[in-house]
Structure formats: structure tokens, C-alpha cells
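2 protein chains.
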Amino acid sequence: MTYELHYWPMIPGRGEFVRLALEQAGADYIDVARRPEAQGGGIAAMMERLEDEPVRPPFAPPFLKDGDRVIGQTAAILLYLGPRLGLVGEDEADRVWTHQIQLTIADMVAEAHDTHHPVGVGLYYEDQKPEARRRAEDFCENRIPKFLGWFERVLAGNPAGPAHLVGGAVSYADTSLFQLVEGLRYAFPRAASRALAQAPHVAAHAERIGQLPRIAAYRASERCLPFNEQGIFRHYPELDFG
Amino acid sequence: MTYELHYWPMIPGRGEFVRLALEQAGADYIDVARRPEAQGGGIAAMMERLEDEPVRPPFAPPFLKDGDRVIGQTAAILLYLGPRLGLVGEDEADRVWTHQIQLTIADMVAEAHDTHHPVGVGLYYEDQKPEARRRAEDFCENRIPKFLGWFERVLAGNPAGPAHLVGGAVSYADTSLFQLVEGLRYAFPRAASRALAQAPHVAAHAERIGQLPRIAAYRASERCLPFNEQGIFRHYPELDFG
Numbered sequence: 001m002t003y004e005l006h007y008w009p010m011i012p013g014r015g016e017f018v019r020l021a022l023e024q025a026g027a028d029y030i031d032v033a034r035r036p037e038a039q040g041g042g043i044a045a046m047m048e049r050l051e052d053e054p055v056r057p058p059f060a061p062p063f064l065k066d067g068d069r070v071i072g073q074t075a076a077i078l079l080y081l082g083p084r085l086g087l088v089g090e091d092e093a094d095r096v097w098t099h100q101i102q103l104t105i106a107d108m109v110a111e112a113h114d115t116h117h118p119v120g121v122g123l124y125y126e127d128q129k130p131e132a133r134r135r136a137e138d139f140c141e142n143r144i145p146k147f148l149g150w151f152e153r154v155l156a157g158n159p160a161g162p163a164h165l166v167g168g169a170v171s172y173a174d175t176s177l178f179q180l181v182e183g184l185r186y187a188f189p190r191a192a193s194r195a196l197a198q199a200p201h202v203a204a205h206a207e208r209i210g211q212l213p214r215i216a217a218y219r220a221s222e223r224c225l226p227f228n229e230q231g232i233f234r235h236y237p238e239l240d241f242g
Numbered sequence: 001m002t003y004e005l006h007y008w009p010m011i012p013g014r015g016e017f018v019r020l021a022l023e024q025a026g027a028d029y030i031d032v033a034r035r036p037e038a039q040g041g042g043i044a045a046m047m048e049r050l051e052d053e054p055v056r057p058p059f060a061p062p063f064l065k066d067g068d069r070v071i072g073q074t075a076a077i078l079l080y081l082g083p084r085l086g087l088v089g090e091d092e093a094d095r096v097w098t099h100q101i102q103l104t105i106a107d108m109v110a111e112a113h114d115t116h117h118p119v120g121v122g123l124y125y126e127d128q129k130p131e132a133r134r135r136a137e138d139f140c141e142n143r144i145p146k147f148l149g150w151f152e153r154v155l156a157g158n159p160a161g162p163a164h165l166v167g168g169a170v171s172y173a174d175t176s177l178f179q180l181v182e183g184l185r186y187a188f189p190r191a192a193s194r195a196l197a198q199a200p201h202v203a204a205h206a207e208r209i210g211q212l213p214r215i216a217a218y219r220a221s222e223r224c225l226p227f228n229e230q231g232i233f234r235h236y237p238e239l240d241f242g
């Protein structure tokens, strides 16, 4: 069965956490909204699908279709895909822990987004620049070190070693942490570099995940969208408090 | 086995979503940080437990201890407790959908929190009042109607009827939506009242969940902490754009 991923076609955004899991597993999937409109692609068709779903509608993109199943919320999509893609352990304790890490990554992603949109998602960045500077300063000086410090502690405490977040194999939490670190490096190069110097396991982990053959091949392909200033991780030098 | 809930002892906060599930199930639990210090209660002891957890540490309260298991992240705690407390359906589709709703509730909770802390969690509300007014205006005028509209659609679309979010029985998503609506009513009485008038199923749902015998008894007890201005849902009249 081919998975259908539905997400904004111009940004990596939250969809990228799903894409990386699908890619690492070598899964068969279509990135629907990026197809030509004649093939059901484009934003209008995606939004129509959101509106038309009568039962169990997703709140927002990304959402995944697997046959008749429609699943929204990035972390819920990964909860669903994890066992199917072999990207989570077999036992319940490992599954809940992997999910707990994913939710903490999601919290940090939301905070990274809010650095450029502290006042409201409906407004432009240009309309909230002073507020953004205050929020970004707090994010760079307090939140990045706090979150990366926690990931460092998780890697250091893994009884199977710091190569993975959970046990001795790649899980969706690993590909997600990789994407988070990449995003921080893009958006806040100075603040991220300073914080990563204090989190050597996290830095080495991102390096290693980026070199996994399927991840590296994906990132070199046209399937992978670059970071840009429409996405979650935006590089505005005035918000990088290094 | 008695569950141990660890959370800030002075606010309902995110811990309340876990408390309501435990209470609705009639589960045996201890609200550890609210006990006297001599019995391991208090904030200092809770933070020490967070710091001392060598493997699989939670990022922040709330966290749950179930024997040797320690689980953080509100939604992950509910994912773990749901089947144990009988507060989620048997089949995987229902479980993922219930979790998807919980994650959407969590998103709205985070946005409600950020109305009074748009710039940074480390600062006081008093130090970010102008930013808070801008964020709260967007929240009241756009986000509350959008989220409540989605919950309305979910209830209206439930094939088993609008009494529950998933199927025909109470799930942890129901107790969580109840708490969300109560919080909005406390913090933004005018904006919530206006939005609930457009979401009759949501209003009726909250009414019904609040009247469940165990929920009603809990809410009348001293175990239930009232909303206040240290929590997530704070009533600042200047932020209620009705």
C-alpha cells in the first residue's frame, strides 16, 4: 500500500518529520500536494480534502492517508507509522518512551516557530518584529540550551549507548531529533553552534543520522525541500542571539 | 498498584488532564507533590526526582510513576494510562484517533498559555503585557473559534453520536476537552461564551462530562485545585476579547 502524505508543498515544516521516517524506512509514499494540480496536487486540493473529511477530520496538515485511514498531528502519524516502518521498539515501554521524546521535540518545534510569530499565526513576521526579538532572545539564551541539555542527557543515559535515543536501533525519534538540530542550525546558526558545543552527544548524533545512506540520499534528492523563510525554521539574523 | 502523579502542587495546569482521567476511572493514585514535605511532597522533592532520574528522565512535570516506570509528557501519560483505565477503545484506529484529539487539545492549551507569556516562560506576565494583549486578541478572535469549530465538527461527525468524541463511551479525550472548555471559560469568559454559542455540541459535551458522578465528586472535593493566576488558564480581564 502506498502512503499518501498531505502537507504544504513549499516548506519542510512539520511534514518533514514524517518524510524522514518514510524515507529512512524506504517506504512507498506520495507527497500529494507537491504533485501537479492535474494529479490532485496543490494547496487548494489539500485544503478541500481537509474540509471534506466528514468523520475524523485532521485539524491541519500534515495528515497521512493509509487506504481508508486518515491521521493528523505529526506525533500521532509517527505513533501510527512507527511499528509499520520498523522505526520503534517492540515493547510498550520503548514505544511510550520514543513517543515521549517525539512530543518533547514537538514542543521545541512549536517554540522555534513562535520566535518569528510570538503574537499570532495570522500575522506576518514584519508585523511582530519587536515581539519576535524578545521571544527569540529568550529562546536562544534559555530554551535552546535547556532542550538540547535534555537530549544530551537522554543520549548519555541510553544503556545501549549514545548512538541512538532509544535502545540500539534507529527510531523515528532519531530522525526527528536530526531534523530539529538541522532546523536550529539553519535558523539560529550562532545560538545553535554555542549550545551544541555543550551537547556533544547531540551534535554527534545529528552527524550520524545525516550520514545514514537513505537519509543522505533523500537529502541530496529533489524530494527534500530546503529550509526557507516560509517555514517553521526561518533564518532571520536579527533573531539569532549567539 | 498505586499510581504516583508528580506535578506542581498549586495549579491545575497540565497535571489536571491526568488527574481527571485517574478520577474518572476511580484509580488509586497519589498526588505526590501536594503531600507534606515529610512524606516526600513539595516542589523541591519533585525537582530532585526529575534531576535524579538517570535513564529516561522526563523533561518537565507532569510525570507519572507506575512502579519502576516513569513517564513524562501529558499526552504520553494518557496514551499509557488510556488502556489501563478503560478510557480508550480497544482497536488501534480508535486509539490513534483519541490520541490525535488529545494532541490537538494540547496545542490549544499551549496557545492559551502563551496569551499571557508570548515572549518567554522565564519572564513575569507584568513584563510582557503589551505583547500579551496582541497575542490574546488573536487567540480570542481567531484561534478559539477555529479550535472549538473543529471539536464541534468532530462531535457532530461521530457516528455514535455527539455525546462523546470517540465512539459511544467516555475516553480521556472527553475529560480533556471538558478541562479545556472549563479553562477557556475561566480565563476568557466573554470570548469563550461567544465561541461556545457557535459550538453547541461542545457546550453540551462539557456540561455532560462535568455531571459524570466521579468528575462531579472530584470537582467538589479538596483534591481539585481551582484555576488561578499562576496556572495555564489565567483570568486577566484585559486579555478577554469578547
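Quick mapping for you: the protein sequence lines, in order, are chains A and B. Quick note on UniProt numbering: the first sequence kicks off at 1 and runs consecutively. Quick note on UniProt numbering: the second sequence kicks off at 1 and runs consecutively. In this text, a Cβ means the ideal position worked out from N, Cα and C, and glycines have one as well. A quick note: this is a predicted structure, and the numbers were derived from the prediction, not measured.
List the residues of chain A that residue i touches, going by C-beta distances under 8 angstroms, in chain order.
i: glycine 157(B); result: Pro54, Val55, Arg56 and Pro57
i: arginine 153(B); result: Pro57
i: arginine 134(B); result: Val119, Gly120, Gln128 and Glu131
Helix, strand or coil for residue i? Go by DSSP, reduced to three states.
i: glycine 157(B); result: helix
i: isoleucine 215(B); result: helix
i: glutamate 4(A); result: strand
i: leucine 64(B); result: strand
i: phenylalanine 241(B); result: coil
i: methionine 10(A); result: coil
i: aspartate 114(B); result: helix
i: aspartate 127(B); result: helix
i: tyrosine 80(B); result: helix
i: isoleucine 232(A); result: coil
i: arginine 56(A); result: coil
i: proline 145(B); result: helix
i: glutamate 23(A); result: helix
i: alanine 220(A); result: coil
i: aspartate 91(B); result: coil
i: glycine 210(A); result: helix
i: glycine 15(B); result: helix
i: valine 121(A); result: coil
i: phenylalanine 139(B); result: helix
i: isoleucine 103(A); result: Correcting the residue type first, residue 103(A) is leucine in the shown sequence and not isoleucine. In this structure, leucine 103(A) counts as helix in the three-state DSSP scheme.
i: leucine 225(A); result: coil
Could you list which residues in chain B have their beta carbon closer than 8 angstroms to that of residue i, in chain order?
i: histidine 205(A); result: By Cβ distance, chain B contributes nothing, its closest Cβ being about 17 angstroms from histidine 205(A), past 8 angstroms.
i: tryptophan 150(A); result: Pro57 and Phe59
i: aspartate 28(A); result: Those do not exist, as aspartate 28(A) stays about 20 angstroms from chain B at its closest Cβ, beyond 8 angstroms.
Taking C-beta pairs closer than 7 angstroms, name the residues in chain B that residue i reaches, listed in chain order.
i: isoleucine 43(A); result: Within chain B, no residue comes near isoleucine 43(A); the closest Cβ sits about 18 angstroms away, beyond 7 angstroms.
i: glutamine 73(A); result: Gln100, Leu103 and Thr104
i: leucine 79(A); result: Val96 and His99
i: alanine 76(A); result: Val96, His99, Gln100 and Leu103
i: alanine 160(A); result: Within 7 angstroms Cβ-Cβ: nothing; alanine 160(A) doesn't reach chain B, min ~11 angstroms.
On the DSSP bridge list, what partners appear for residue i?
i: arginine 69(A); result: Asp66(A)
i: aspartate 31(B); result: Leu5(B)
Identify the contact partners of residue i in chain A, using a Cβ-Cβ distance below 7 angstroms as the criterion.
i: valine 88(B); result: Per Cβ cutoff of 7 angstroms: no residues; valine 88(B) is ~13 angstroms from chain A at best.
i: alanine 110(B); result: Ala110
i: aspartate 174(B); result: Correct list: empty, because the minimum Cβ distance to chain A is about 15 angstroms.
What residues from chain B crowd round residue i, counting only those whose CB sits closer than 9 angstroms?
i: aspartate 240(A); result: Simply none; closest approach about 16 angstroms.
i: arginine 69(A); result: Ala93 and Val96
i: aspartate 66(A); result: The contacting residues do not exist; aspartate 66(A) stays about 10 angstroms from chain B at best.
Whose Cβ in chain A lies nearer than 9 angstroms to the Cβ of residue i?
i: aspartate 138(B); result: Val119, Gly120, Val121, Gly122 and Leu123
i: asparagine 142(B); result: Gly120, Val121 and Gly122
Quick check: the region 49-58 of chain B against the region 129-146 of chain B, are there 3 or more CB pairs under 8 angstroms?
no
When the Cβ atoms of the region 8-25 of chain A are set against those of the region 229-241 of chain A, are three or more pairs found closer than 8 angstroms?
yes
Any alpha helix (DSSP H) of 4 or more consecutive residues that is wholly inside the region 155-208 of chain B:
172-187 and 189-197
Does the count of Cβ pairs from the region 60-69 of chain A and the region 37-50 of chain A closer than 8 angstroms reach three?
yes
At least 3 beta-carbon pairs within less than 8 angstroms: the region 215-227 of chain B vs the region 103-113 of chain B:
no
Contact between the region 86-100 of chain B and the region 169-178 of chain B: three or more CB pairs below 8 angstroms?
yes
Tell me, please, whether the region 29-41 of chain A touches the region 4-12 of chain A by the rule of three or more beta-carbon pairs shorter than 8 angstroms.
yes
Answer yes if the region 117-125 of chain A comes into contact with the region 192-210 of chain A, meaning at least three C-beta pairs across the two stretches below 8 angstroms, and no otherwise.
no
Are the region 141-152 of chain A and the region 39-46 of chain B touching, with three or more C-beta to C-beta distances below 8 angstroms?
no
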